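All remarks here apply to the structure that follows.
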């Protein structure tokens, strides 16, 4: 069966520090991968998605970047965090066909101080 | 205009009531539709897919109106455990991009 791992669960970082969040998927090949951010009391904002190694689509221009160095690995990064980067970051995977849902990792709660 | 729009609520209804949520999407080429449930401080989880002919899963009924670009979710005989945020989700025509609505908060009172 497929599983998705996302870590860490919680993170407190100072403003101006770098960020690296990692997400890995097991049990499937060539998944579509997604990074979402959820601000407190808000919906999920799609940040990046990837349909293959090295292929990244950015939805919202901002202080973040994403990379997919391996088929089942998706990394979210920032060189210098801002206070506004605080939020709940969720990684998800899906099959690239219609009528197939997305499966989420347990999320990383990031607080920038 | 947002790609997926929902009434944020909150909906506060008594146990046993029937409650309906609506969602509209802007891209007429969208192909796949889902309802997710999110509990407080947890990741979203699939509640049900939405099929063109409408579909039912126990107390939950989902409907799709492609002409109006409208999706609905009906919950009958609501339970306390139904309290959560319900997210409308649309998958693009290319089956790559997945967009979530901002969610509708539901609170069931005894």
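Chains as they are written, first to last, in the numbering used here: chain A, 1 to 113; chain B, 1001 to 1110. Here a beta-carbon is modelled for each residue, glycine too, at the ideal position from N, C-alpha and C. Remember, predicted model here, so these are calculated numbers, not experimental data.
DSSP bridge partner residues for residue 1051 of chain B (one or two, in chain order): Answer by DSSP bridge pairing: none, since residue 1051 of chain B is not bridged.
CB contact below 7 angstroms: residue 1054 of chain B versus chain A: No - not a single Cβ of chain A is within 7 angstroms of the one on residue 1054 of chain B.
Start and end residues, beta strand (DSSP E) containing residue 1027 of chain B: Looking at the DSSP string, residue 1027 of chain B is not in any beta strand (DSSP E), and its letter there is neither H nor E.
Any chain A beta carbon closer than 7 angstroms to residue 1010 of chain B: no
The beta strand (DSSP E) enclosing residue 1012 of chain B, as first and last residue numbers: 1011-1014
Straight-line Cα distance separating residue 1074 of chain B from residue 1080 of chain B: 16 angstroms
Short-range partners of chain A found in the stretch 1084-1095 of chain B, where Cβ spacing is below 8 angstroms: 1087, 1089, 1091 and 1095
Where residue 86 of chain A falls: helix, strand or coil (DSSP): Correct three-state label for residue 86 of chain A: coil.
Within 7 angstroms, strictly: CB atoms of residue 1101 of chain B and residue 1085 of chain B: It is not a contact, given that the beta carbons lie outside the stated cut-off.
Chain A residues whose Cβ lies nearer than 8 angstroms to that of residue 1101 of chain B: 43
Residues within the stretch 92-103 of chain A neighbouring chain B, beta-carbon criterion of under 7 angstroms: 94, 96, 97, 98, 99, 101 and 102
Selection of the stretch 1042-1068 of chain B by Cβ proximity to chain A, strictly under 9 angstroms: 1042, 1043, 1044, 1045, 1046, 1049 and 1051
Alpha-carbon to alpha-carbon, residue 10 of chain A and residue 68 of chain A: 22 angstroms
Residue 12 of chain A - containing beta strand (DSSP E), residue span: 10-13
Residue 98 of chain A and residue 1032 of chain B closer than 7 angstroms at C-beta: With contacts defined as CB atoms closer than 7 angstroms, residue 98 of chain A and residue 1032 of chain B qualify as a contacting pair.
Chain-ordered chain B contacts of residue 107 of chain A [CB-CB under 9 angstroms]: Within 9 angstroms of the CB of residue 107 of chain A, the CB atoms of chain B belong to 1041, 1042 and 1043, in sequence order along the chain.
Same chain only: Cβ atoms within 6 angstroms of residue 102 of chain A, ignoring 5 sequence neighbours per side: 92 and 94
Proximity below 7 angstroms, CB of residue 24 of chain A to CB of residue 73 of chain A: yes
Residue 65 of chain A versus residue 56 of chain A - alpha carbon distance: 9 angstroms
Residues that residue 90 of chain A contacts on chain B, provided the C-beta gap is smaller than 9 angstroms: 1043 and 1044
Residue span of the beta strand (DSSP E) that contains residue 111 of chain A, given as start and end: 108-112
Proximal chain B residues relative to residue 46 of chain A, where beta-carbon distance stays under 8 angstroms: 1097, 1098, 1099 and 1100
Where residue 1043 of chain B falls, given that 16 or more other Cβ within 10 Å makes a residue buried: buried
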